[in-house]
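Only one structure is covered here, and it is reproduced in the block below.
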Amino acid sequence: MKIVKHIANFSTDEKTFVTIGTFDGVHFGHQKILEKLVSEAKEAGKKAVLLTFFPHPRMVLQKDATIELINTIDERAKLLKKTGLDYLIIHPFSKEFSKTTALEFVKDILVDTFNISKLIIGYDHHFGKNREGNIEQLTEYSHKYNFTVEEIPAQDIDDVSVSSTKVRRALAAGNLKTANNYLGYNFMLNGVVVNGKKLGGKIGYPTANIDVKEAYKLIPKTGVYVVRSFIENNLVFGMMNIGNRPTVNGNHQTIEVHFFDFNEDLYHKSLTVELIYFLRDEHKFDSLDSLVLQLKEDENMARAYLKNNL
35 MKIVKHIANF STDEKTFVTI GTFDGVHFGH QKILEKLVSE AKEAGKKAVL LTFFPHPRMV
95 LQKDATIELI NTIDERAKLL KKTGLDYLII HPFSKEFSKT TALEFVKDIL VDTFNISKLI
155 IGYDHHFGKN REGNIEQLTE YSHKYNFTVE EIPAQDIDDV SVSSTKVRRA LAAGNLKTAN
215 NYLGYNFMLN GVVVNGKKLG GKIGYPTANI DVKEAYKLIP KTGVYVVRSF IENNLVFGMM
275 NIGNRPTVNG NHQTIEVHFF DFNEDLYHKS LTVELIYFLR DEHKFDSLDS LVLQLKEDEN
335 MARAYLKNNL
């Protein structure tokens, strides 16, 4: 799959099958749509193209809206690579772009730039300035510009929407198993290891403090999780705390990972941490000694889970 970071940077002499959307989470519902696109394109000897936008349109058009996405744009791109797409086009969404009319979108982008043969689009999809474009207009334009339109059934689109909502709700509730089942992979956090207060090392549980720079990235419920990471091609397991560290009077949320049987320096390295299992909620303990006892119990529970489930 080739990633193109602006519509203006894409051109092709080959005919394409195209779909458009956010595809946040790239969960089973999304995968079903993309499998259809890819298989139909391959069968017809055409290229499969997904057009997506970043920033998310709501980030641009509704500045005050809080938006939490399951994936960062980089995570989404990595997941989409596995679907068999030929091209992922990530176009920067802006207020100026939002003024593109439905006709301009079809003629200038789909026809003249993408060389479209078929558009696979969601039920009740609206596009263009003020969401003026709809399936009727698309059908009319498709006859004029010689491409076909296939509308994904309402039930399938509803399934996608429900799945995305269920993933977000499950992560907010600490129901990681449900979230991962809907996603079809382990929910992940990506960030750089930064300096912390180094308290973990002093109590026998050194941690890597993960800084997730994307403010829009959904952070799951506070608590302790069993996790895994690939570090220099080695699979390493551990436990992660998301929370405010109330026992030591923490005043902001941190993401700290203690890796088992591992003592390499990770400062300033980028890490992908996959969340496997939710162990417990975050608690405030009476003393550091009580916290250490709980951490030992957490480690025993985490190791037992890994032994019995992996």
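All the letters of the sequence shown, read from the start, carry residue numbers 35 to 344 under the working numbering.
Note that the Cβ used here is the ideal one computed from N, Cα and C, for glycine as well.
Does DSSP put residue i in a helix, in a strand, or in coil?
{"i": "residue 35", "result": "coil"}
{"i": "residue 177", "result": "helix"}
{"i": "residue 183", "result": "strand"}
{"i": "residue 90", "result": "coil"}
{"i": "residue 339", "result": "helix"}
{"i": "residue 252", "result": "coil"}
{"i": "residue 111", "result": "helix"}
{"i": "residue 302", "result": "coil"}
{"i": "residue 142", "result": "helix"}
{"i": "residue 167", "result": "strand"}
{"i": "residue 81", "result": "strand"}
{"i": "residue 308", "result": "strand"}
{"i": "residue 245", "result": "strand"}
{"i": "residue 41", "result": "helix"}
{"i": "residue 225", "result": "strand"}
{"i": "residue 162", "result": "coil"}
{"i": "residue 237", "result": "coil"}
{"i": "residue 137", "result": "helix"}
What residue range is occupied by the uninterrupted alpha helix (DSSP H) comprising residue i?
{"i": "residue 292", "result": "Premise fails: residue 292 lies in the beta strand (DSSP E), 288-293, not in any alpha helix (DSSP H)."}
{"i": "residue 272", "result": "Not the alpha helix (DSSP H): residue 272 falls in the beta strand (DSSP E), residues 268-277."}
{"i": "residue 132", "result": "129-132"}
Beta-carbon within less than 8 Å of residue i's beta-carbon, same chain only, minus the 5 sequence neighbours each way: which residues are those?
{"i": "residue 287", "result": "253, 256, 276, 277, 278"}
{"i": "residue 299", "result": "none"}
{"i": "residue 38", "result": "44, 121, 122, 123, 124"}
{"i": "residue 111", "result": "37, 122, 124"}
{"i": "residue 230", "result": "241, 243, 288, 290"}
{"i": "residue 86", "result": "54, 55, 56, 57, 110, 122, 123, 124, 125"}
Got a sec? Which residues, its chain only, sit under 6 Å from residue i by beta carbon, not counting five neighbours each side?
{"i": "residue 316", "result": "256, 257, 277"}
{"i": "residue 216", "result": "61, 197, 200, 201"}
{"i": "residue 36", "result": "121"}
{"i": "residue 177", "result": "none"}
{"i": "residue 48", "result": "81"}
{"i": "residue 84", "result": "53, 119, 122"}
So, under 8 Å CB-CB, residue i and residue j are touching, yes? Tell me the CB distance rounded to an integer number of Å.
{"i": "residue 149", "j": "residue 50", "result": "6 Å"}
{"i": "residue 41", "j": "residue 147", "result": "6 Å"}
{"i": "residue 305", "j": "residue 225", "result": "7 Å"}
{"i": "residue 322", "j": "residue 237", "result": "6 Å"}
{"i": "residue 133", "j": "residue 163", "result": "5 Å"}
What residue range is occupied by the uninterrupted beta strand (DSSP E) comprising residue i?
{"i": "residue 152", "result": "150-156"}
{"i": "residue 51", "result": "50-54"}
{"i": "residue 99", "result": "First-last for residue 99: undefined, no H or E at that position."}
{"i": "residue 125", "result": "121-125"}
{"i": "residue 60", "result": "Element bounds for residue 60: n/a, residue is neither H nor E."}
{"i": "residue 296", "result": "No beta strand (DSSP E) holds residue 296; DSSP gives it neither H nor E."}
I'd like the list of long-range same chain contacts for residue i, defined as Cβ closer than 7 Å, with 5 residues on each side in sequence excluded.
{"i": "residue 100", "result": "none"}
{"i": "residue 71", "result": "51, 53, 82, 154"}
{"i": "residue 161", "result": "136, 139, 167"}
{"i": "residue 324", "result": "none"}
Hey, which unbroken runs of the alpha helix (DSSP H) at 4 residues or more fall wholly within the stretch 183-223?
-> 188-207, 210-217, all fully within the stretch 183-223.
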